[in-house]
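**Student:** First residue of the sequence shown? That's 3 in our numbering, and the numbers climb one at a time after it. Using N, Cα and C, we set each Cβ at its ideal position, and we do this for glycine too. As the structure is a computational prediction, the values presented were derived from the model and not from experiment. Here's a structure for you.
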Amino acid sequence: MGVSVSNSSSDKEVVSIPAISVDRPEGNGAATNSASQATGAPIAQHSSREMEAQNLHIWFGKNLVLEKVDLVFPANTVTALIGPSGCGKSTFIRTLNRMHELIPTAALAGKVLLDGKDIYSPDVDVTQIRLKIGMVFQKPNPFPAMSIRDNVLSGLRLAKLPSGDKETLVEECLTRAGLWTEVKDRLAEPALALSGGQQQRLCIARALAVKPEVLLMDEPCSALDPGSTLKIEDTINYLSDSITIIIVTHNMQQAARVSNYTAFFLAQYGEPGRVIEHTTTSQIFSRPKDPRTESYITGKFG
């Protein structure tokens, strides 16, 4: 059965929202996956950090694509960004580790804070920001000329780690990404020998190797089959115990399964994208306040 949601005014139409099970608590409390069964001394991890976007406006040339974005991403939580294609979700997530700067016409106003520090301050090293705020893309992008092992270690080329520490790190990261048991006897094989879902988890392991405080995921399961998608979701649930995760998804069931909070983006025709509603995942899927949110999650558009 659906969940009935009504507006505050008694004369408003009651909207029936299809039942979507919300599995995540409203805060920390990650699920357990095979990664929790790792053996040996774990690699020390950085603490998870809170992120915040304050009055963010984003342009490409003279085109304002996002405006007035104010969002807080609490430490050790998962936030899902939902909304129709073209509303600015992927553009927004790329501003959170300054990747949008790779586009020559991109411009930004407002602040992006990591643990209270503006990542766009002149004294901030962009390379360090991208180490602290990792990124997993829509399609798996392992380095094709490298082995599985070397893919994990690729972000640490300049780090002088003893050989034993490198092997421990490889096992730790692959375990946390839920991949170790599947590849532990294949570490010397090319990364492209893996399936698509395994390649995506390898990319997650590669991101984890530099010990990020925040992990951005831009539709990480869009190119994967349902079985691989569930493994990625299991990994997200496990990782959120130590990393702040922000995920873009078009899958409403996925948003409900993996996230603590959800932000709904929307761009009206000819206007820049905006955040329409941001609240706990349980509320946005059962008691959304904005009728546009109701319409989107019930499949009336988008």
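#1: Does the separation of the CB atoms of F287 and A258 fall below 9 Å?
#2: Between which two residues does the alpha helix (DSSP H) carrying M254 extend?
#3: Taking 9 Å as the cut-off, decide whether the C-beta atoms of I278 and L83 are in contact.
#4: Taking Cβ positions, are F94 and A55 nearer each other than 9 Å?
#5: Does S284 pass the burial test, meaning 16 or more other C-beta atoms within 10 Å, or should it be called exposed?
#6: Thinking just about the alpha-carbon of each residue, which of S92, I121 and T107 is nearest to the one in K113?
#7: The beta strand (DSSP E) with A55 in it runs from where to where?
#8: Thinking A108 and F62 are a contact (beta carbons under 8 Å), I'd like their distance in whole angstroms, please.
#9: Just the Cα atoms here: how many angstroms apart are N35 and T177?
#10: Residues in the same chain with beta-carbon distance under 7 Å from P142, minus the five sequence neighbours each way, listed in chain order, please.
#11: Please confirm if the stretch 233–242 is in contact with the stretch 175–189, defined as three or more CB-CB distances below 8 Å between the two stretches.
#12: Within the same chain, show all residues whose beta-carbon is closer than 7 Å to that of A190, passing over the 5 residues directly before and after it, in chain order.
#13: What residue from Y271, H252, K291 and E273 has the CA that sits closest to K91's CA?
#14: Run through DSSP, which three-state label would D120 get?
#15: In angstroms, rounded to a whole number, what distance separates the CA positions of T246 and R96?
#16: At 4 residues or longer, and completely inside the stretch 72–149: list those alpha helix (DSSP H) runs for me, N to C.
#17: Put K233 into one of helix, strand or coil per three-state DSSP.
#18: Using C-beta distances below 8 Å, list every residue in its chain close to C175, excluding the 5 sequence neighbours before and after it, in chain order.
#19: Name, in chain order, the residues that DSSP records as bridge partners for V216.
**Tutor:** In short:
#1: F287 places its beta carbon less than 9 Å from that of A258.
#2: In the DSSP assignment, M254 falls within the unbroken alpha helix (DSSP H) covering M254 to V260.
#3: No, these two residues do not count as a Cβ contact at 9 Å.
#4: Yes, they are a contact pair.
#5: By the 10 Å Cβ count, S284 comes out buried.
#6: Comparing C-alpha distances from K113 to each of S92, I121 and T107 shows the shortest one belongs to I121.
#7: Boundaries of the beta strand (DSSP E) around A55: M53 to F62.
#8: Confirmed, Cβ separation roughly 6 Å.
#9: Bear in mind that the predicted position of N35 carries a pLDDT of just 46, short of 50, making it too unreliable to give a figure here.
#10: Once the five neighbours on either side are set aside, the close Cβ partners of P142 are G198, Q201, Q202 and C205.
#11: Contact between the stretch 233–242 and the stretch 175–189 is present, with at least three C-beta pairs closer than 8 Å.
#12: Counting only Cβ-Cβ distances below 7 Å, and skipping sequence neighbours, we find S149 and R151.
#13: Proximity to K91 across Y271, H252, K291 and E273 peaks at H252, based on C-alpha coordinates.
#14: Strand.
#15: So the two alpha carbons sit approximately 15 Å from each other.
#16: Within the stretch 72–149, the alpha helix (DSSP H) runs of at least 4 residues that lie entirely inside it are, in chain order, 91–97 and 128–134.
#17: Helix, per DSSP.
#18: Sequence-distant Cβ neighbours of C175 in its own chain, meaning closer than 8 Å and more than five residues away, are I45, V154, A207, R208, L210 and A211.
#19: Per DSSP, I135 and T246.
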